[in-house]
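*Asks:*
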Amino acid sequence: MSAQTQLRVAEVSVERAATEAPALKVIRPMRSEPPRPSTVWFLRIAIVVVSLVVWEYVPQIAGIRGPFPVLDPFFISSPSRLAVELGHLFTGSGGQVSIWEPLAVSVLTALAGTIGGALVGIIAGLAVSNWPLLDAVSRPFLVVLNAIPRIALIPIIVLIVGGSWKAGVLTSGIIVFFLIFYNAHAGASSVSLQTIQNAELLGSSKLRVMFRVRFPYALAWTMAQAPNAVAHGLVGTITGELFIGGRGMGYLMALAIDNQNATLLFGIVTVLAVIGVILVLGSSWLSKKLLPWWETSQGA
Amino acid sequence: MTPLSTSELGVLAGHVPAMTLVEGRRSASGTPPSRPALCKVKDVTYAYPSGLRALDGIDLELGRGEIIAIVGPSGCGKSTLLSLLAGLEAPTSGSVQWLEDSTQHRSRLSMVFQRDTVFPWRTVEKNVQFGMECQDVPPAERREWTDSLLRMAGLEDFRKSYPRALSGGMRRRVALLTALAVRPATLLLDEPFSALDEPTRVELVADVLKLAYEYGVSVILVTHDLAEAISIADRIVVMSARPGRIRSVFDVGFGHDRDVFTLRETPEYADLYPRLWHELWSAIRGDVSSGERQ
Numbered sequence: 031m032s033a034q035t036q037l038r039v040a041e042v043s044v045e046r047a048a049t050e051a052p053a054l055k056v057i058r059p060m061r062s063e064p065p066r067p068s069t070v071w072f073l074r075i076a077i078v079v080v081s082l083v084v085w086e087y088v089p090q091i092a093g094i095r096g097p098f099p100v101l102d103p104f105f106i107s108s109p110s111r112l113a114v115e116l117g118h119l120f121t122g123s124g125g126q127v128s129i130w131e132p133l134a135v136s137v138l139t140a141l142a143g144t145i146g147g148a149l150v151g152i153i154a155g156l157a158v159s160n161w162p163l164l165d166a167v168s169r170p171f172l173v174v175l176n177a178i179p180r181i182a183l184i185p186i187i188v189l190i191v192g193g194s195w196k197a198g199v200l201t202s203g204i205i206v207f208f209l210i211f212y213n214a215h216a217g218a219s220s221v222s223l224q225t226i227q228n229a230e231l232l233g234s235s236k237l238r239v240m241f242r243v244r245f246p247y248a249l250a251w252t253m254a255q256a257p258n259a260v261a262h263g264l265v266g267t268i269t270g271e272l273f274i275g276g277r278g279m280g281y282l283m284a285l286a287i288d289n290q291n292a293t294l295l296f297g298i299v300t301v302l303a304v305i306g307v308i309l310v311l312g313s314s315w316l317s318k319k320l321l322p323w324w325e326t327s328q329g330a
Numbered sequence: 096m097t098p099l100s101t102s103e104l105g106v107l108a109g110h111v112p113a114m115t116l117v118e119g120r121r122s123a124s125g126t127p128p129s130r131p132a133l134c135k136v137k138d139v140t141y142a143y144p145s146g147l148r149a150l151d152g153i154d155l156e157l158g159r160g161e162i163i164a165i166v167g168p169s170g171c172g173k174s175t176l177l178s179l180l181a182g183l184e185a186p187t188s189g190s191v192q193w194l195e196d197s198t199q200h201r202s203r204l205s206m207v208f209q210r211d212t213v214f215p216w217r218t219v220e221k222n223v224q225f226g227m228e229c230q231d232v233p234p235a236e237r238r239e240w241t242d243s244l245l246r247m248a249g250l251e252d253f254r255k256s257y258p259r260a261l262s263g264g265m266r267r268r269v270a271l272l273t274a275l276a277v278r279p280a281t282l283l284l285d286e287p288f289s290a291l292d293e294p295t296r297v298e299l300v301a302d303v304l305k306l307a308y309e310y311g312v313s314v315i316l317v318t319h320d321l322a323e324a325i326s327i328a329d330r331i332v333v334m335s336a337r338p339g340r341i342r343s344v345f346d347v348g349f350g351h352d353r354d355v356f357t358l359r360e361t362p363e364y365a366d367l368y369p370r371l372w373h374e375l376w377s378a379i380r381g382d383v384s385s386g387e388r389q
């Protein structure tokens with residue numbers, strides 16, 4: 031085949047390839063679209079509505095309540111009864127005690143214990159991360175203390191400080207301390223060796239390294255745990271009050287149990303859930319305010 | 096260039112740059128003909144706790160205002176040598192002596208690490224001020240010095256930004272300014288630009304050169320990049336494979352007012368680069384050193 035013929039054959043092949051080429055297919059990107067907020071909210075509200083309807087009306091069906099006596103409103107109350115009970119609790123009407131005082135006692139106790147436990151935890155975590163000798167000496171003791179179920183300490187705490195609000199504060203404080211301590215320690219220890227060396231070469235003392243270099247990381251890790259700590263602080267307080275009595279929400283719960291009042295119990299749980307959500311949202315807000323750099327770095 | 100044996104390295108601080116290489120490029124304000132010594136490294140050996148020797152018989156002198164680049168095979172102990180100079184490690188034998196510097200420098204030395212050491216919780220200006228805060232520099236002086244450094248590095252518009260909002264090159268600039276803000280007599284650079292793209296690296300080398308020249312700072316740069324070494328250094332020290340020894344020293348006489356952006360187009364650069372590469376390649380292969388100063 032001559033060179034000219036070869037060239038012609040090649041041209042024909044290219045033309046044919048061009049005309050016979052399959053139409054380009056649009057390939058959808060692998061990444062799935064995020065769900066629309068309106069869809070998400072619709073589904074959430076639907077779940078709440080369906081749950082309330084099921085809770086209200088299913089126990090009224092005799093065929094279902096018969097084989098499952100636990101569905102009796104005596105045990106699980108109902109949304110309509112709960113709404114009425116909440117109204118009585120917040121207004122102190124209908125022969126019901128007002129919830130405001132027990133609520134204030136429990137929230138203040140939980141906050142005092144959480145803040146106290148968090149402060150002690152963050153300082154201890156920082157110190158242990160900054161001084162290797164302290165870390166080596168204290169580690170086995172902290173492991174043993176952490177292994178003790180915190181609830182088991184409540185009777186000892188009551189023996190020591192008496193059945194007052196102090197016992198509630200101490201209980202929630204101890205629970206929060208261990209949560210925060212390990213996070214603060216891990217955060218402060220996560221600072222790279224070069225960062226520490228750099229700070230020291232720039233003239234930073236050991237104490238300044240602890241407060242100016244390790245502390246921001248310890249705080250960031252602590253704040254990441256803050257919603258959890260707040261929730262645990264509240265649990266510690268309520269559990270303590272159940273043991274101790276006093277004037278908080280735990281006492282109100284004990285009263286409801288004594289009176290076999292499921293509606294009151296559900297009312298208290300609902301209020302505590304709302305308070306828990308408010309505290310968690312508050313700690314998230316505080317975290318954003320205190321740590322704009324951390325928020326940015328996590329979001330990137 | 097004048098050949099010199101490695102045994103003569105102890106008196107290299109006062110060397111005269113090789114005129115044949117860059118004649119006509121040096122200005123009157125370029126590298127001075129001699130420099131008093133700022134640091135003397137004498138017969139330094141360093142072994143890890145495992146007994147593995149990282150450095151062996153290192154002799155080196157750093158002159159005031161001098162810029163030395165250290166190159167060598169991976170694991171030859173370049174960064175270890177820098178740690179010894181910074182006092183972060185102690186030599187197994189031999190000594191590192193820093194001589195008193197009574198000039199305007201506030202600190203003996205500062206360092207820019209390979210790893211990012213910028214504090215993410217401090218804004219750009221607060222990062223730059225960290226060392227000055229440690230040294231209790233009055234706030235007014237702190238602000239003034241920070242302003243001029245940020246202006247010089249073109250970061251004045253980012254003073255209130257957190258590091259996360261900066262590019263890799265800008266973060267390195269912040270680390271560099273933080274180190275320079277304490278007015279060190281010597282700046283140690285441990286592969287500070289290795290993770291950056293080539294144009295950014297060249298820009299930062301120009302920054303270092305400008306700042307070092309302006310403030311009379313001596314610099315020791317550890318790098319894998321021969322182009323970077325030639326662009327910045329008065330001398331390039333080539334180390335042998337582990338245990339690291341000084342294999343040869345190259346004089347680079349471009350002066351501190353060199354233009355690093357066009358330097359690579361010059362015949363002098365084209366002459367030096369392959370010889371340096373040959374020496375480094377020989378070091379990597381473990382060839383016997385010529386024992387000469389190039």
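For the record, the sequence lines run as chains A and B. For the first sequence, the residue numbers in this note's numbering are 31 to 330. For the second sequence, the residue numbers in this note's numbering are 96 to 389. No residue lacks a Cβ here, since even glycine has one placed at the ideal position from N, Cα and C.
#1: Which residues in the same chain have their Cβ closer than 6 Å to the Cβ of A:Ala154, if we skip the five residues on either side of it in sequence?
#2: Give me, in chain order, the residues of the same chain whose beta-carbon lies closer than 7 Å to that of A:Ile298; leave out the 5 immediate sequence neighbours on both sides.
#3: Short of 7 Å in beta carbon distance, which residues of its chain neighbour A:Phe104, apart from the five on each side in sequence? Order them along the chain.
#4: Using the beta-carbon count (16 or more within 10 Å), is B:Gln224 buried or exposed?
#5: Give the interface partners of A:Arg238 over in chain B, defined as CB-CB distance under 8 Å, in chain order.
#6: If we cut at 8 Å on Cβ distances, does A:Asn228 have a partner in chain B?
#7: Report buried or exposed for A:Asn213, applying the criterion of at least 16 other Cβ atoms within 10 angstroms of its Cβ.
#8: Which residues in chain A sit within 9 Å of B:Ser202, going by Cβ to Cβ distance?
#9: Which stretch, first to last residue, makes up the beta strand (DSSP E) that contains B:Leu155?
#10: Assign A:Leu336 to one of two classes, buried (16 or more other C-beta atoms within 10 Å of its C-beta) or exposed (fewer than that).
#11: Per DSSP, B:Cys134 forms a beta bridge with which residues?
#12: Just reading off the beta strand (DSSP E) that B:Phe356 is part of, what are its end residues?
#13: Looking at the structure shown, is A:Ala92 part of a helix, part of a strand, or coil, going by DSSP?
#14: Starting from the beta carbon of A:Ser222, find every residue of chain B whose beta carbon is closer than 8 Å, and list them in chain order.
#15: When you compare the CB positions of B:Ala274 and B:Met206, do they come within less than 8 Å of one another, or not?
#16: Are B:Lys173 and B:Met334 touching if we call contact CB-CB under 8 Å?
#17: If you measure beta-carbon to beta-carbon, which residues of the region 252-274 of chain B are closer than 9 Å to chain A?
#18: Can you pull the chain A residues whose beta carbon is under 8 Å from the beta carbon of B:Met206, in chain order?
#19: Flag this pair as yes or no: are the beta carbons of B:Val347 and B:Leu367 separated by less than 8 Å?
#20: Terminal residues of the continuous alpha helix (DSSP H) containing A:Met283?
#21: So which residues on chain A does B:Pro186 lean against when the C-beta distance must stay under 9 Å?
#22: Quick check: the Cα distance between A:Ser159 and A:Val173, rounded to an integer number of angstroms?
#23: Give me the residue from A:Glu230, A:Leu138, A:Pro257 and A:Val304 with the minimum Cα distance to B:Arg203.
#24: Rounding to the nearest angstrom, what Cα-Cα distance links A:Leu200 and A:Gly276 in this structure?
#25: Would B:His373 count as contacting chain A if we go by Cβ distances under 8 Å?
#26: Residues of chain A with a CB under 7 Å from the CB of B:Gly226: which are they?
#27: Beta strand (DSSP E) containing B:Ala280: first to last residue?
#28: Between A:Val206 and A:Gly143, how many whole angstroms is the CB-CB distance? I'm expecting something under 8 Å.
#29: Can you name the start and end residues of the alpha helix (DSSP H) that A:Ile305 belongs to?
#30: In the DSSP output, what is A:Met332 paired with across the bridge?
#31: Taking Cβ-Cβ distances below 8 Å as the criterion, which residues of the region 156-185 of chain A are in contact with chain B?
#32: Just the chain A side, please: which residues come within less than 9 Å of B:Ala181 by C-beta, in chain order?
#33: Taking only three categories from DSSP, how would you classify B:Leu316?
#34: For a contact meaning CB atoms closer than 7 Å, what does A:Trp251 contact in chain B?
#35: Run through DSSP, which three-state label would B:Phe345 get?
#36: Please name the residue, chosen from A:Val310, A:Val83, A:Ser81 and A:Gly233, that lies closest to A:Ala254 on a Cα-to-Cα basis.
*Replies:* In brief:
#1: Taking the first sequence and counting its residues from 1, one reaches residue 154 of chain A at position 124. Excluding positions up to five away in sequence, the list reads Phe211.
#2: Taking the first residue of the first sequence as position 1, residue 298 of chain A is located at position 268. Cβ neighbours of A:Ile298 beyond the five flanking positions: Met279, Leu282, Met283 and Ala286.
#3: By one-based count along the first sequence, residue 104 of chain A stands at place 74. The answer, listed in chain order, is Ala292.
#4: Start at 1 with the first residue of the second sequence, and residue 224 of chain B comes out as number 129. Result: buried.
#5: Taking the first sequence and counting its residues from 1, the one referred to as residue 238 of chain A is at position 208. When 8 Å is used as the limit between beta carbons, A:Arg238 is near these residues of chain B: Cys229, in chain order.
#6: Here residue 228 of chain A refers to the residue found at position 198 of the first sequence. Yes, contact with chain B.
#7: On the first sequence, position 183 is the one that residue 213 of chain A refers to. Only buried fits A:Asn213, as 16 or more other CB atoms lie within 10 angstroms of its CB.
#8: Here residue 202 of chain B refers to the residue found at position 107 when the second sequence is read from its first residue. Near B:Ser202 (Cβ distances below 9 Å), the residues of chain A are Leu231, Leu232 and Gly233.
#9: Residue mapping note: residue 155 of chain B aligns to position 60 of the second sequence, counting from 1. From DSSP, the beta strand (DSSP E) with B:Leu155 extends over Arg148 to Gly158.
#10: Because chain A here runs from 31 to 330, residue 336 of chain A falls outside it and cannot be looked at.
#11: As a position in the second sequence, residue 134 of chain B is number 39, starting the count at 1. Paired residue(s): B:Leu157 and B:Trp193.
#12: Sequence index remark: in the second sequence, residue 356 of chain B carries index 261 (1-based). For B:Phe356, there is no enclosing beta strand (DSSP E), as DSSP gives it neither H nor E.
#13: Against the first sequence, residue 92 of chain A aligns to sequence position 62. Assignment of A:Ala92 by DSSP, reduced to helix, strand and coil, places it in the helix class.
#14: For this step, residue 222 of chain A is matched to residue 192 along the first sequence. At a C-beta separation below 8 Å, A:Ser222 has these neighbours in chain B: Arg210 and Thr212.
#15: As a first step, residue 274 of chain B must be located in the second sequence, where it is residue number 179. As a first step, residue 206 of chain B must be located in the second sequence, where it is residue number 111. Cβ distance < 8 Å, so B:Ala274 and B:Met206 count as in contact.
#16: Translated into the one-based positions of the second sequence, residue 173 of chain B becomes position 78. Translated into the one-based positions of the second sequence, residue 334 of chain B becomes position 239. Result yes, Cβ atoms of B:Lys173 and B:Met334 sit closer than 8 Å.
#17: Those residues of the region 252-274 of chain B that come within reach of chain A (Cβ to Cβ, closer than 9 Å) are Tyr257, Pro258, Arg259, Ala260, Ala270, Thr273 and Ala274.
#18: Position 111 of the second sequence holds residue 206 of chain B. Residues of chain A passing the Cβ test: Gln227, Asn228 and Leu231.
#19: Locating residue 347 of chain B in the second sequence gives position 252, counting from the first residue. Locating residue 367 of chain B in the second sequence gives position 272, counting from the first residue. Contact: yes.
#20: Position 253 of the first sequence holds residue 283 of chain A. Its alpha helix (DSSP H) spans residues Met279 to Asp288.
#21: Here residue 186 of chain B is taken as the residue at index 91 of the second sequence, counted from 1. Chain A residues near B:Pro186: none, gap ~17 Å exceeds 9 Å.
#22: The residue you call residue 159 of chain A lines up with position 129 of the first sequence. The residue you call residue 173 of chain A lines up with position 143 of the first sequence. Going by C-alpha positions, A:Ser159 is about 15 Å away from A:Val173.
#23: Residue numbering aside, residue 203 of chain B sits at position 108 when the second sequence is read from its first letter. Out of A:Glu230, A:Leu138, A:Pro257 and A:Val304, A:Glu230 has the C-alpha closest to the C-alpha of B:Arg203.
#24: Translated into the one-based positions of the first sequence, residue 200 of chain A becomes position 170. Translated into the one-based positions of the first sequence, residue 276 of chain A becomes position 246. Linking A:Leu200 to A:Gly276 through their CA atoms gives a straight-line distance of about 15 Å.
#25: In the second sequence, residue 373 of chain B corresponds to position 278, counting from 1. No Cβ of chain A is located within less than 8 Å of the beta carbon of B:His373.
#26: Walking along the second sequence from the start, residue 226 of chain B turns up at place 131. Neighbours of B:Gly226 on chain A, chain order: Leu232 and Gly233.
#27: Mapped onto the second sequence, residue 280 of chain B falls at position 185. Following the DSSP letters along the chain, one finds B:Ala280 inside the beta strand (DSSP E) bounded by residues Pro279 to Asp285.
#28: Translated into positions along the first sequence, residue 206 of chain A becomes position 176. Translated into positions along the first sequence, residue 143 of chain A becomes position 113. Indeed, because the Cβ distance is near 6 Å, the residues count as touching under 8 Å.
#29: Within the first sequence, residue 305 of chain A is the residue found at index 275, counting from 1. Counted as a single uninterrupted DSSP element, the alpha helix (DSSP H) harbouring A:Ile305 occupies residues Ala292 to Leu320.
#30: This structure cannot speak to residue 332 of chain A, because chain A is shown only from 31 to 330.
#31: Considering only beta carbons, no part of the region 156-185 of chain A lies closer than 8 Å to chain B.
#32: Position 86 of the second sequence, counted from the start, is the residue given in the question as residue 181 of chain B. Chain-order list of chain A residues neighbouring B:Ala181: Gln227 and Leu231, by C-beta distance under 9 Å.
#33: In the second sequence, counting from the first residue as 1, residue 316 of chain B sits at position 221. Note: B:Leu316 maps to strand in three-state DSSP.
#34: By one-based count along the first sequence, residue 251 of chain A stands at place 221. Among the residues of chain B, none has a CB under 7 Å from the CB of A:Trp251; the nearest is roughly 12 Å distant.
#35: Start at 1 with the first residue of the second sequence, and residue 345 of chain B comes out as number 250. B:Phe345 sits in a strand when the DSSP states are folded into three classes.
#36: On the first sequence, position 224 is the one that residue 254 of chain A refers to. The alpha carbon of A:Ala254 has as its nearest neighbour, out of A:Val310, A:Val83, A:Ser81 and A:Gly233, the alpha carbon of A:Val310.
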